[in-house]
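Working notes for the structure below.
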Amino acid sequence: MSDPSNHPRHVAIIMDGNGRWAKERGLPRLEGHRAGAESVRECVEACKQLNIEYLTLYAFSSENWNRPPAEITALMTLLDRFLDQKADEMMQQDVRLQAIGHLERLPDKTRSKLSKAIERTKDNKSLTLVLALSYGSREEITEAARSLVKDAAEGRISPDDVTKELFASRLYTNDIPDPDLMIRTSGEMRVSNFLLWQISYAELVIFKKFWPDFGQADLFEAVEEYSRRHRRFGGL
136 MSDPSNHPRH VAIIMDGNGR WAKERGLPRL EGHRAGAESV RECVEACKQL
186 NIEYLTLYAF SSENWNRPPA EITALMTLLD RFLDQKADEM MQQDVRLQAI
236 GHLERLPDKT RSKLSKAIER TKDNKSLTLV LALSYGSREE ITEAARSLVK
286 DAAEGRISPD DVTKELFASR LYTNDIPDPD LMIRTSGEMR VSNFLLWQIS
336 YAELVIFKKF WPDFGQADLF EAVEEYSRRH RRFGGL
């Protein structure tokens, strides 16, 4: 394994391919989502082994609300179950849970479970697990811009006060470092409205396998690939 000093601090993952994984096996789409929960567990364990500080998972996008109501209900039920089953594990593993996105759109029961898990794990230190739920990066950026325009209109700031740092402070991720490494499964070559501002200089690693087939060895491989790259940030 590569030098730990050259590991990413923050890994973000687009967990893609659950439905196609299930279709290939003649299973309902929901079975793919269920199988994908095991990959989440494996990635959390791998990040802890590698001393990665932040893991952000694209769990439910703002566009996912356009899916059939029955599938949305099933996905929210899976999220409820995940929060019920994993809260104790997160405490045992010293994992802190956070969430970003339009959380107010989640069902009341799901939002309550999420809030309780976040509160319960808030003092954990080993790894911060960030769930992107009802999340869309364009919406996030638009809201940040709107808040700055409002402040300028009301005289709290001037246009000249707006810097990259001030803008970033209005994003959902204002207290989270930008991802160093972004992973996408299923072989798709796009970022799907995920952390568009934050991944400006992230290294991208694409896996052809679907998310339920992604495990610890794959995350180790992605980190190994990351460690071989020279990050220039626009310089030489």
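Going by the numbering used here, the sequence shown opens with residue 136, and the numbers climb by one from there. The C-beta atom is built at its ideal place from N, Cα and C for all residues, glycine as well.
When DSSP states are grouped into helix, strand and coil, Arg160 belongs to the coil group.
DSSP lists Tyr270 as the beta-bridge partner residues of Ser196. Shown here for His168: same chain residues with a beta carbon closer than 7 Å to its own, the five before and five after excluded, namely Asn153, Leu210 and Leu213 in chain order. Looking at the DSSP output, Thr191 bridges to Ala147 and Val265. Note that the stretch 282 to 295 does not touch the stretch 236 to 246; fewer than 3 beta-carbon pairs, one per stretch, sit closer than 8 Å. In the DSSP assignment, Met317 falls within the unbroken beta strand (DSSP E) covering Leu316 to Arg319. The stretch 318 to 325 makes contact with the stretch 343 to 354, as at least three CB pairs between them are under 8 Å. In the DSSP annotation of this structure, Arg202 is not part of any beta strand (DSSP E), being labelled neither H nor E. Judged by DSSP in its simplified three-state form, Glu356 adopts helix. Out of Glu166, Asp229 and Met150, the CA that lies nearest to the CA of Glu206 is found in Glu166.
For Ile341, the secondary structure class from DSSP, reduced to helix, strand or coil, is strand.
When DSSP reads this structure, Val230 sits in a beta bridge with Leu262.
Between Leu306 and Ala279, the CB-CB gap stays under 7 Å. The secondary-structure analysis by DSSP pairs Ile235 across a beta bridge with Ala267.
The stretch 191 to 198 makes no contact with the stretch 223 to 232, as fewer than three CB pairs between them are under 8 Å. Classified as buried, Arg231 has 16 or more neighbouring CB atoms from the shown chains inside 10 Å of its CB. Each residue's CA atom was taken as its position, placing Pro312 and Arg155 some 32 Å apart.
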